[in-house]
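2 protein chains.
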Amino acid sequence: MFDIGGVFISMRMAFVIPLLISTFLTLSPAQQVAVDMMPLPTEYKLGRGALKFDESFSVSLSGYKEDRLFRAVERLLTNASKQTGIPLQAKLTGRRMATLTVHTEHGSKPVEEPDEDESYSLEVDASGARLSAATPLGAMHGLQTFLQLIAAGPGGFHVPAISIHDRPRFSWRGLLIDVSRHFMPVEVLRRNLDGMEAVKLNVFHWHLSDDQGFRVESRKFPKLTGMGSDGLYYTQQQVRDLVTYARDRGIRVIPEFDMPGHTTSWFVGYPELSSGPGPYQIERRWGVFDPAIDPTRDHTYKFLDDFIGEMSKLFPDHYFHIGGDEVNGKQWAANGRIQSFMRQHGIENTQQLQTYFTHRLQKLVSKHHKAMVGWDEILSPDIPKAIVIQSWRGQDSLASAAQQGYGGILSSGYYVDLNWPAGRHYAVDPLSGAAAHLSRQEKQKIFGGEAAMWSEYVDPENVDSRIWPRTAAIAERLWSPENVTDPQSMYTRMYQLSWRLDFFALTHNTNYLPMLERIAAGRDAASLRTLADVVEPVKDYAREELALTPATQLTPLNRLVDAARPESETARLFSRTADQFLAGRCQDAALALELRALLENWRKVGRALEARSADSSLLREVAPVSGGLATIATAGIAALDAIGRQEPASAERLAAQAASIQAAQKPTSAQLLLPLAVPIQKLVEAGGNACSGR
Amino acid sequence: MFDIGGVFISMRMAFVIPLLISTFLTLSPAQQVAVDMMPLPTEYKLGRGALKFDESFSVSLSGYKEDRLFRAVERLLTNASKQTGIPLQAKLTGRRMATLTVHTEHGSKPVEEPDEDESYSLEVDASGARLSAATPLGAMHGLQTFLQLIAAGPGGFHVPAISIHDRPRFSWRGLLIDVSRHFMPVEVLRRNLDGMEAVKLNVFHWHLSDDQGFRVESRKFPKLTGMGSDGLYYTQQQVRDLVTYARDRGIRVIPEFDMPGHTTSWFVGYPELSSGPGPYQIERRWGVFDPAIDPTRDHTYKFLDDFIGEMSKLFPDHYFHIGGDEVNGKQWAANGRIQSFMRQHGIENTQQLQTYFTHRLQKLVSKHHKAMVGWDEILSPDIPKAIVIQSWRGQDSLASAAQQGYGGILSSGYYVDLNWPAGRHYAVDPLSGAAAHLSRQEKQKIFGGEAAMWSEYVDPENVDSRIWPRTAAIAERLWSPENVTDPQSMYTRMYQLSWRLDFFALTHNTNYLPMLERIAAGRDAASLRTLADVVEPVKDYAREELALTPATQLTPLNRLVDAARPESETARLFSRTADQFLAGRCQDAALALELRALLENWRKVGRALEARSADSSLLREVAPVSGGLATIATAGIAALDAIGRQEPASAERLAAQAASIQAAQKPTSAQLLLPLAVPIQKLVEAGGNACSGR
């Protein structure tokens, strides 16, 4: 069955009306034919029939071979077996016998680089599947596409006949995970690398140090983790293993050591690096802090030379990220020695002092044969063109860098910790805004983008739920053609992908219920789930503003705001149904019934949970939200009643209802939103005029 | 909040009416006060107030110490942190500072034996908790009880004030896992050992060989796994690690090598051991097969001497299980050489030949310093009293063995693969039936029992869902006093335990939705879940009878029957509500509404899923069950209508409705039951008479 713009077409129909289908399904990606691939390939064309997928499935490899390819095939077999539940007598076979043949032209570089060929072609018909690629990178991408195409059909599992020619739009498609603010054990990273592979992301940006923890073993400077990590860090062997694990999935690993700010954890063991008097403790709070590396002492550069030397051996990638963001300059301004250094060297302000530091740092990075990457702040006159700017500020900043000849990657608009809806991330294009007006050559300096998972409010239990499935929308933006932009198609395919990711051991779906059970203390968790399904954590940085006491690294992340999904699929679908109902001028009785049934259940559950607030501290803060849900559901029901009676409401009554919805959805210290308030308000307004009998 | 027989008492109420509470909560376990412990302790008394559980929680160890205890405390901290979501700065501290002090008198034996002291005492009040035990075994059990007592309350997490003196009723409390019919990787066993620890089970019975696979590396006989395992086996190092892992949790590991039948997999590599001509292939089908070890050749005993010698070093436990069940004797009867051996030795039939084999085997086991355990069939005159009989036949068989002086353990009634409701297992007592009439001394020969997870229809994905949570009911039967028998209390506590087990990485809850998503192909899995929640796999061996084609080891376990839970909690609760409604002579309008809402939803979902049957082969077989659900829901709604109208139905109409319910619930090749049919039939009957206006 294929979902074509919301219309289901079964395989049987496809057989009965082949002509229509073959016309219909050869649409270009821009026309958003929704087969369940994500990211959508550059070009594809559905054919007739399908390849059976059963326990006899087998694969052959030809052309260039390496161990990585064998492991990729093993992984395909394992994951296909998990996804379908069919035990595969996993086998690699000769080309003539194989269900899927994989041909690879030649190897990729020993250390992956951004400009490598990642393209592949995949041809599937009833007799078999043929995947061919220039390099193992392309072959691995093609295997993931093949996996996504395996679907349940009336005759068992199958892969639809299809012809695909695919290559990425951008060469740098990344995911940043901050492991400093909350440490993420290796298994968390491994399963997220599996997720990245599934959506063809190819850069894992490992944010390894920040004020709240230094997370990688240095043998030269053991006090970095010895005093700055609470014992929560990666050994060098773990790093090597993870780099191998990533390379096996066509993923580069770029370490970030954020400097000269965001460095408190360094100073716990090495206070002499800092610009302040010390001593230092690991920072537990969130925010921008004063401690900064002293950019004026030779000792600093000696230390960094040794440190970067050590780390550049550990991380093979050509790029090395030095952070460079959010230096407030306060320690520099307060230090007499630094002030006198600035005067001596004609450095006028702390921003210029950072530039001085960045230039010296760049030389060290370059000495160790790496190219420097840093946030917007590192861009300064005369810095070599080999550096890459990662922008948290936006496309304008990137465009300006590109015009000056600097490479750039976009992260503004891709911060998944801000709890935006997937559709909002999806709409952000690295080449939009000022970047849209760049010359072709300048555009080529914009390499791609990175989703960023900052970890103030995530831990190993809920981090997957912030990354997935929304990061798949960003991955599609970075891989698929520019004109693939239909959010409806994206959402359909994203939710298809989402449950398939369960079979990659990601926990974004599976940890949801246990977290709710914990809050409900195991009693009537079903009601709590109904509530949780329609709330969202507050957006952007509102969580900080609404907190009764500021959260720290030691604050439990066991509340409803931590379990609730960033985007409520239930609310999104209700909103769609309400829009449909309104578009039909409220005439569709079946839709009215459907909306009413949902609203009545929310009213009931909202009231029931409100009454349980005394049970536990975790439920207590949810009570006002439950009450709010009941209130807006009541308003929605009243609106449907008014529509049913065809009686326009008075302006006063409408205003009162709007005010009550407004009040009910106002975020409290529970830090939760009720996105249903928007469609319900629309129903109230319709009850007041458009759909009532005037 | 405590749940006392279905009535919720909040901490606040407990504070306001302390006198009532202190009277009310000192009931003996037999009176089934439902605090959330499982198994219920031998004696306990709730006090007033509670101990706060927060990030400052700490533990001290005193008295006898060993590494295992430190690791048990670490595990407590990890699991308490997972269960509450509170990050613990895990610390072991001095006794004066500790929230929980743990005192252990002395060590346990280097290899755990069944008669060891497992008792402990736990005292909790607002100022702290004190756990004391004779041995590390008792201390570990006490830590699990403490973990179960941590609950969410209005002021945050707490442990209620309580005084507990606890010891097991039976010394042998086991779980058998069959890893031959479907191989279970080490991580599956590890998480199930965690679950066993949580409910104080102390014997892991590892069913390592059978017709369908030989699962442990033998260095002396490498072809056992080399040809008899499909490469799916445990290395000796993995075995040693798992034995250590189990010992860390107070769990003995008893290997079973089933002989002389159930041995096809041995013969693939060593056909000379068999009584037939060979050659042999790994058996893929289920059932009782002819191949059996040749008990007449010296070569056999030489082989077994070497093999048992090797395995007895690998498995330190005092007991060694040799199986001995289900020998059909056909290969022996068909072999002329064996027949002539029998005549020479005056062996009259194949049963006597098995006895001859068992006696010689027992000497080999004994030579290697182990006590033999076997199934009922090994019991024979003159076999030494040191052996232990494991009974799949029942209490009568055990009682007869005990009277002859043999030790025994019960497995009849504890086969979790038969999909019985937990309450049915719970009602089986090793000392009931004929065993109830044994003398005190004879009763002591009945050591306990074992739940048995035979693996025809489980694989790593769904095996936890067959073991948990129902095995907790068996664990309670084996640990708690004989008079702890209230199923209502058991069910309440079992479901509390069930979600807590999520934090031990068990997958019985978390794999449910992905399995349903797979069947639904990710489209409207919510409806499928509604159906899955009210169906049950057929019981006992009915799955075999209903299969269109016999299942084998290679059959995918990806159908609704594989995902559906053995016992529908939703159906159980509906049945309870219906009984309540009927007990009130159908007068309670709120209950009528609740029942109606559920029935209407089932009718809707049943019809919707029936219509989707063409989508996929996995959904197609579900269609008749969906239709059946709609049919019985419709009958239930009609019954409520009749009750509402107070009009008695005609006998003809009642008979017609009963017939339609009967037809709708008739199991098909989907192998599913509709347990809702029973309470709905009751409603129909009530609509016909008791609750209608005659």
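Chains A and B, in that order, give the protein sequences. Using my numbering, read the first sequence as starting at 1 and increasing by one per residue. Using my numbering, read the second sequence as starting at 695 and increasing by one per residue. All C-beta atoms, glycine included, are put in the ideal place defined by N, C-alpha and C. In this text the structure is predicted, and so the values were computed from the model without any measurement.
- Boundaries of the alpha helix (DSSP H) around Met227(A): Lys223 to Gly228.
- According to the DSSP assignment, Asp258(A) belongs to the beta strand (DSSP E) that extends over Arg252 to Met259.
- Counting the other Cβ atoms within 10 Å of the Cβ of Leu548(A) gives fewer than 16, which makes it exposed.
- Around the beta carbon of His1063(B), fewer than 16 other beta carbons sit within 10 angstroms, so the residue counts as exposed.
- Ser218(A) and Asp730(B) have their alpha carbons spaced roughly 47 Å apart.
- DSSP lists Thr1246(B) as the bridge partner or partners of Arg979(B).
- Inclusion of Asp305(A) and Ser274(A) in the CB contact set at 8 Å is not warranted, their separation being larger than that value.
- Per the Cβ contact rule, the region 588-596 of chain A is not in contact with the region 608-616 of chain A (fewer than 3 Cβ pairs under 8 Å).
- Remark: C-beta atoms of Ala1146(B) and Ser1105(B) approach each other more closely than 8 Å.
- DSSP places His876(B) in no alpha helix (DSSP H); its state is neither H nor E.
- A direct Cα-Cα distance of roughly 42 Å separates Gly688(A) from Thr510(A).
- Within its own chain, the residues whose Cβ lies closer than 8 Å to the Cβ of Leu640(A), once the five positions on either side in sequence are excluded, are Ala592, Leu595, Arg596, Leu599, Leu683 and Gly687, listed in chain order.
- Chain order gives the chain A residues near Phe1197(B) as Pro514 and Arg518, where near means a beta carbon separation below 9 Å.
- Excluding its 5 nearest sequence neighbours in each direction, Ala1219(B) has C-beta neighbours in its own chain below 6 Å: Leu1210 and Glu1211, listed in chain order.
- The beta carbon of Leu618(A) falls within 8 Å of a beta carbon belonging to chain B, placing the residue at that interface.
- Within the region 155-166 of chain A, the residues whose Cβ lies closer than 9 Å to any Cβ of chain B are, in chain order, Gly155, Gly156 and Phe157.
- Going by DSSP, Val73(A) is part of the alpha helix (DSSP H) stretching over Asp67 to Thr84.
- For Met1036(B), the uninterrupted alpha helix (DSSP H) run begins and ends at Gly1030 to Gln1038, by DSSP.
- Taking C-beta separations shorter than 6 Å and ignoring five residues to either side along the sequence, the partners of Val243(A) in its chain run Val253, following chain order.
- Considering only beta carbons, the part of the region 43-68 of chain A lying closer than 8 Å to chain B consists of Glu55, in chain order.
- Bridge pairing for Asp125(A): Gly128(A) [DSSP].
- Residues Gln395 of the same chain have their beta carbon placed closer than 7 Å to that of Ser432(A), with the five preceding and five following residues left out of the count.
- Taking C-beta atoms as the reference points, Phe1141(B) and Phe864(B) count as a pair closer than 8 Å.
- At least 8 Å separates the beta-carbon of Gln1359(B) from that of Gln906(B).
- Contact note: Gln1190(B) reaches chain A through Ala521, Gly522 and Arg523, using a C-beta cutoff of 9 Å and chain order.
- Excluding residues up to 5 positions away in sequence, Leu516, Ile519, Ala520 and Leu609 lie with their Cβ nearer than 7 Å to the Cβ of Leu528(A) in the same chain.
- Within chain A, the residues Arg518, Pro556 and Asn558 have their CB atoms less than 9 Å from the CB of Thr778(B), given in chain order.
- DSSP places Lys803(B) outside any alpha helix (DSSP H), giving it a letter other than H or E.
- Per the C-alpha coordinates, the member of Arg742(B), Glu817(B), Asp1153(B) and Leu1092(B) positioned closest to Gln1138(B) is Leu1092(B).
- When the alpha-carbon of Trp420(A) is set against those of Glu536(A), Phe214(A), Ile383(A) and Met311(A), the nearest one is in Glu536(A).
- Tyr64(A) places its beta carbon 8 Å or farther from that of Gly128(A).
- A Cβ-Cβ separation of about 6 Å places Phe1014(B) in contact with Met1066(B) under the 8 Å criterion.
- As for any alpha helix (DSSP H) of minimum length 4 sitting wholly inside the region 535-614 of chain A, the runs are 542-546, 560-563, 569-583 and 589-611, ordered along the chain.
- Near chain B, meaning a CB-to-CB distance below 8 Å, the residues of the region 453-482 of chain A are Asp459 and Glu461.
- If you draw a straight line from the Cα of Gly195(A) to the Cα of Arg470(A), it comes to about 12 Å.
- The C-alpha of Tyr928(B) lies about 5 Å from the C-alpha of Val910(B).
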